[in-house]
Amino acid sequence: MCRSVGLAASVIPRRTVQCVRRTARLGTAHDGRRFTGDARVASLEVSSADGYGLATVAADGTVLDTWFPRPRLGKPSGPSASVVLTAEQANAAFGARAADCFLSDPRRAVSVIPVKTVIEDLTQPPRDPHDVYLRLHLLSHRLIRPHGANLEGIFGLLANVAWTSLGPCLPEQIEELRWATRPSSATLEVRSIDKLPRMTDYVVPEAVRIADANRVRLGAYLGRGTTVLHEGFCNFNAGTLGSSMVEGRISAGVVVGDGTDIGGGASIMGTLSGGGKQVVSIGERCLLGANSGTGIALGDDCVVEAGCYVTAGTLVRQVSGEVVKAVALSGKPNILFRRHSQTGAVEAISRNRSWGSLNPALHAR
34 MCRSVGLAAS VIPRRTVQCV RRTARLGTAH DGRRFTGDAR VASLEVSSAD
84 GYGLATVAAD GTVLDTWFPR PRLGKPSGPS ASVVLTAEQA NAAFGARAAD
134 CFLSDPRRAV SVIPVKTVIE DLTQPPRDPH DVYLRLHLLS HRLIRPHGAN
184 LEGIFGLLAN VAWTSLGPCL PEQIEELRWA TRPSSATLEV RSIDKLPRMT
234 DYVVPEAVRI ADANRVRLGA YLGRGTTVLH EGFCNFNAGT LGSSMVEGRI
284 SAGVVVGDGT DIGGGASIMG TLSGGGKQVV SIGERCLLGA NSGTGIALGD
334 DCVVEAGCYV TAGTLVRQVS GEVVKAVALS GKPNILFRRH SQTGAVEAIS
384 RNRSWGSLNP ALHAR
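If you're matching positions, the sequence shown starts at 34 in our numbering and goes up one per residue.
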């Protein structure tokens, strides 16, 4: 029998959050085969997932992270819950190679434990930190697309963690960890103090390039052929559905279509820090010029001129002479947004030709 992890063990806090039900979308159905991921596969309705994970737990019971090597979609194997596995169950789930992983590290004051997490309904809010990590893994493994799982309230469930070269620990443990590593002349690297780690420490999707791993958070969805260069950034629950060049910022919740180029320093507004509630999407074959930005959705084959930032309230002059707020053009295809070099007015001009295309040599396949 599995041993449930509850509040009494101070390992999994619970929190109830109301949400709007959404249908999960994924790249392919789980049928027992190893999933490689491809956003071009038709979407199917899936509402449940499970996974066996290795969780790092601090001495006070705080869950720091959970790594799910092979998360799965499909029929739930039980009600939503996270449980600690016995040694026999862990051996069956991970194989003998995992036996040496379930140890304590006194320097970081942590232990690694085997867990199984079941999510009966992905449209419901996460129940505990393991649940959150499973949803983030589903995204980065391309098993579900951005907005394919309810992520409401995750920051209330996750701890603030020091992500170090020796593994995660509580921030207050850093000073002791520095002293513990000094005798061996090891240099401790504290990569960040944050609630989410970088993606590549947990998931490396096939056929992508990431120039700086610190710029992609766990829970990012990177389509096949996507290249994220040094100044590019992709947040969780956001990403690219196909081959894209990312040299700008893809904020949380933003979805970018195939063949789109996010130029150096370009910005796509999100909703994570408050303010606007509109979720921005970028169509296929779009170009955001260097240091440009958008707070509205772009349809296919749109261009935002370098240095031009289009927010929902930006007044835009159309070819007809009519001036409208940019939000009125949200999601419409074949538009060039530019700033008139003499008047400074932002203009929206219909496009009937391509801006070019991505350089295939720069994208992995």
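Even glycine gets a Cβ: it sits at the ideal position worked out from N, Cα and C.
- DSSP, read as helix, strand or coil, puts Gly-189 in helix.
- Residue state for Ser-363 is assigned as coil, using DSSP reduced to three classes.
- Per the C-alpha coordinates, the member of Leu-184, Leu-395, Leu-167 and Arg-231 positioned closest to Ser-198 is Arg-231.
- If you draw a straight line from the Cα of Thr-344 to the Cα of Ile-329, it is about 6 Å long.
- Cβ atoms of Cys-134 and Leu-184 stay farther apart than 8 Å, at about 27 Å.
- Taking a 10 Å sphere around the C-beta of Asp-93, we find fewer than 16 other C-beta atoms and assign the residue as exposed.
- Note that the C-beta distance between Asp-234 and Val-194 is not below 8 Å.
- Shown here, Phe-266 sits in a strand according to DSSP, grouped into three states.
- Residues of the same chain with a CB within less than 7 Å of the CB of Glu-317, apart from the 5 flanking positions on each side, are Gly-290, Asp-291, Gly-292, Thr-293 and Asp-333 in chain order.
- Every unbroken stretch of the beta strand (DSSP E) spanning 3 or more residues and falling wholly within the region 271-315 is given here in chain order: 271-273.
- With respect to the 8 Å criterion, Ile-295 and Val-313 are not classified as neighbours on the basis of their beta carbons.
- With contacts defined by Cβ atoms closer than 8 Å, Gly-326 and Ala-359 do not form a contacting pair.
- Taking C-beta separations shorter than 8 Å and ignoring five residues to either side along the sequence, the partners of Glu-222 in its chain run Thr-197 and Ser-198, following chain order.
- According to DSSP, residue pairing for Val-165 in a beta bridge does not occur.
- In the DSSP assignment, Phe-370 falls within the unbroken beta strand (DSSP E) covering 368-372.
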